[in-house]
Every structure is written in structure tokens, then in C-alpha cells.
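*Asks:* The sequence shown begins at 14 in this note's numbering and counts up by one.
From the three backbone atoms N, C-alpha and C, an ideal C-beta is built for every residue, glycine too.
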Amino acid sequence: MRIRATVAAVTGALALSAFAVPAAQAADSGSAYRADVAKIRAELGPSAFGTRADAPYDLDVTFSDFKIAKTLKVGTTAPVSTTVTYTMTHAADVDIEAEDFQTGPYLYKGSYTSPDNMLFGTKPATCAATSATTAACTGKIDVLPAEGELGNSDAGSWKGAALALAQNGQDPLAENYDITKVGYADQGGLGGTTVQRASKLTVDASPEPVQKGKTLTVTGKLTRANWETEKYVGLPSGQKVVLQFRKAGTSAYTNVKGIQTATGGALKTTVTASEDGYYRFTYAGITSTAPVSAAGDFVDVQ
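(1) Curious, which full-length beta strand (DSSP E) runs of at least 3 residues does the segment 223-310 contain?
(2) Inspect the beta-carbon positions of alanine 174 and glycine 196 and report whether they are closer than 7 angstroms.
(3) Do the segment 208-219 and the segment 230-248 make contact, defined as three or more Cβ pairs closer than 8 angstroms?
(4) Are there 16 or more other CB atoms within 10 angstroms of the CB of glutamine 273, so buried, or fewer, so exposed?
(5) Please return the same chain residues whose Cβ sits closer than 7 angstroms to the Cβ of glutamate 288, not counting the five positions on each side in sequence.
(6) By DSSP, does asparagine 130 sit in helix, in strand, or in coil?
(7) Going along the chain, which residues of its own chain have a beta-carbon closer than 8 angstroms to the beta-carbon of lysine 83, five neighbours each way excluded?
(8) In whole angstroms, give me the CA-to-CA distance for threonine 116 and valine 156.
(9) Are there 16 or more other CB atoms within 10 angstroms of the CB of aspartate 2, so buried, or fewer, so exposed?
(10) Pull up the CB-CB distance for leucine 85 and glutamine 209, whole angstroms please, since I reckon it's below 8 angstroms.
(11) Looking at the strands, I want to know which residues DSSP matches up with valine 208.
(12) Should lysine 136 be labelled buried (16 or more other beta-carbon atoms within 10 Å of its own) or exposed?
(13) Using DSSP with H/G/I as helix, E/B as strand and the rest coil, what is alanine 68?
(14) Given a cut-off of 7 angstroms, decide if aspartate 73 and alanine 105 are closer than it, judged by their beta-carbon atoms.
(15) Would you check if there are 3 or more beta carbon pairs closer than 8 angstroms linking the segment 154-171 to the segment 120-137?
(16) Can you check DSSP and say which residues form a bridge with serine 219?
(17) Of all the options Ala142, Val255, Gly247, Val246, which has the alpha carbon lying nearest to the alpha carbon of tyrosine 296?
(18) Would you identify the three-state DSSP class for isoleucine 192, choosing helix, strand or coil?
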């Protein structure tokens, strides 16, 4: 399921009724939480609250101290999860321990009011009261590339946000459900991270073994995740990669020379064999693509 701002439209009441999973159920129904929050944020959005007759009221909750990893490296299919912590400040009459109160972090790409894409957790955050009106919350952002959540253009900077929902005893499935008695808070611009396409790098030095003073040819390939095809593909030519060498019996690599990728991410260079050791390529990465180093290839110099 691709969770973009183009999520299928639903009415405000329906979106909130779908989201209204009691906390006990939410722990066992992560996928429902994830889909339902996306519906709320995509359909109603922060600009709708307080301006529509069929919308929830503005819940007196704010968020701060939003902390998340600096980068998220996402491959083609494996889920990626990162922990988010934040402080939730609320009015004294907001019962954050109620079964139908939920809060959670999320990420958005582009504009807060009209995002290009959003990423949520599969479960609500957990919060511990630190005073009568503040709580320390911990939640997760769960990225599921195999479900088509990301397009390649989504690589880059994302911003952090958090939301809270208080049903206040309203039963979303009841005929007399009154959405105006439901509270909702949503705040963006709380921090940020960089979501990167995971990369892979190979290396092969030959011939092996090789005589001292002879030429070694070192080849490899630099690829990165294509989130749309779920395959790894070569980066555009001209990517800067460094060939490194580690002498046998030591632990540190040193730079030998810098080269650039050819078509399809191909790498090829030559060096003079001098002593036993390991050769590898290393790539510093770019905003859209994660850094990576190849596993060293041992060469026996005779």
C-alpha cells in the first residue's frame, strides 16, 4: 500500500472512525493503525481542523524535543524501523492514559500542509507522564519498501511531525457518533532526517596470486536500491569511489587512488602488487544514496 497524499478520499468521520482503535487493540493491529493515520492526515490534513463543521476540535496538545536518526538507509524489500522520541505537552484535562487516546510520530516529504509522501509507524507511540501536563513518548517510523511506500524521487530530506487523537468516549461505529467531540492535534516541522537508497559495492582483484611488482587489475560495481522495481541498479557514471588497501596483519585501510564509475556503476583500475593484503572500494555516498564499502578482497603477493 503506497501511503501518499493521494490516498483514496474518505469522509472526515470515516477516517477518524477507522483510526479509532482502542490502545489495547492497536498493539495487536499495527497495520490498521498505520493505514488509518495515513487516511486522517491525507484526507483531513492540519488545515481542515477547526475550519469544518464535521471536523474534530483542536486538541490542546503540542510536541517538542523530536529526536530521530540522522539517516535512514532503505533497501528494496526489507523493512526498516527507527525509534523516535519526543515530548508531548497537553492541557490538564487531556487524559493521555485513556484507552482511546493515541499519539505517534511520522515523517513527511515536501510541504507539511500538502506532503508528497508520508511515513508512519505500524503501532502508536508509548508515553510515560513526566508531570501533570507533559509526557516522554517513544514511537517508531516503519518503512516498508516492499509495499511500494517509496518512489525513487522520495530519497532525500524528510521532516518530522507528531499527532494525537482523543476519542473522548465516542464510539466511531455508533450511529450517534459525534466527530465534533473528538480531539485531534497535528504538528510538523519538529525535526528531520534523510531517507537514502541503500547501496552495494563489490570488488575483485586479479590475478590471484600475483608476483611482486606485477600489475593487479581491480574491478567492481556500485549499485543502489531502486524502490520502484525492487532491484539494485547501477548508479550514473561519474560517481567518486576510492580504492583502499589494508596490509595483511593490520586493521586499517589506507587510500590508494580515487576513480569514478563508468556506465552502470562499473569500476576498473590497476595497481602494482607490492605485499599481501586486502583491496576494497569505498563510496562516501550522496544525499539520495547511502555510503558503502566493499568487503576486502585478499591478494597473495609472491
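*Replies:* For this structure:
(1) 228-239, 244-247, 253-260, 267-273, 279-285, 290-296
(2) Your numbering for residue 174 matches position 161 in the sequence shown. Your numbering for residue 196 matches position 183 in the sequence shown. No, the pair does not count as a contact, with Cβ atoms beyond the cut-off.
(3) yes
(4) To locate residue 273, count along the sequence shown from 1; it is residue 260. Classification for glutamine 273: exposed.
(5) Counting from one through the sequence shown, the residue named residue 288 turns up at place 275. Contacts found: Lys260, Val314.
(6) Residue mapping note: residue 130 aligns to position 117 of the sequence shown, counting from 1. Three-state result, asparagine 130: strand.
(7) Taking the first residue of the sequence shown as 1, we reach residue 83 at position 70. Here the set comprises Thr206, Thr207.
(8) Counting from 1 along the sequence shown, the entry for residue 116 is found at position 103. Counting from 1 along the sequence shown, the entry for residue 156 is found at position 143. Cα to Cα, the separation comes out at about 18 angstroms.
(9) Residue coverage of the chain in this structure runs from 14 to 315, which leaves residue 2 outside it and unanswerable.
(10) Within the sequence shown, residue 85 is the residue found at index 72, counting from 1. Within the sequence shown, residue 209 is the residue found at index 196, counting from 1. With a Cβ gap of about 7 angstroms, leucine 85 and glutamine 209 count as contacting.
(11) Locating residue 208 in the sequence shown gives position 195, where the first residue counts as 1. Valine 208 pairs with Leu85, Gly169.
(12) Taking the first residue of the sequence shown as position 1, residue 136 is located at position 123. Its Cβ being crowded by 16 or more others within 10 Å, lysine 136 is buried.
(13) Residue 68 sits at position 55 when you count from the first residue of the sequence shown. Looking at alanine 68 - three-state DSSP - the assignment turns out to be coil, as it is neither helix nor strand.
(14) For the purposes of this step, residue 105 is identified with residue 92 of the sequence shown, where counting begins at 1. For the purposes of this step, residue 73 is identified with residue 60 of the sequence shown, where counting begins at 1. Cβ atoms of alanine 105 and aspartate 73: not closer than 7 angstroms.
(15) yes
(16) As a position in the sequence shown, residue 219 is number 206, starting the count at 1. Paired residues: Thr230.
(17) Numbered from its first residue, the sequence shown carries residue 296 at position 283. Answer by Cα proximity: Val255.
(18) In the sequence shown, residue 192 corresponds to position 179, counting from 1. If DSSP states are grouped into helix, strand and coil, isoleucine 192 belongs with the helices.
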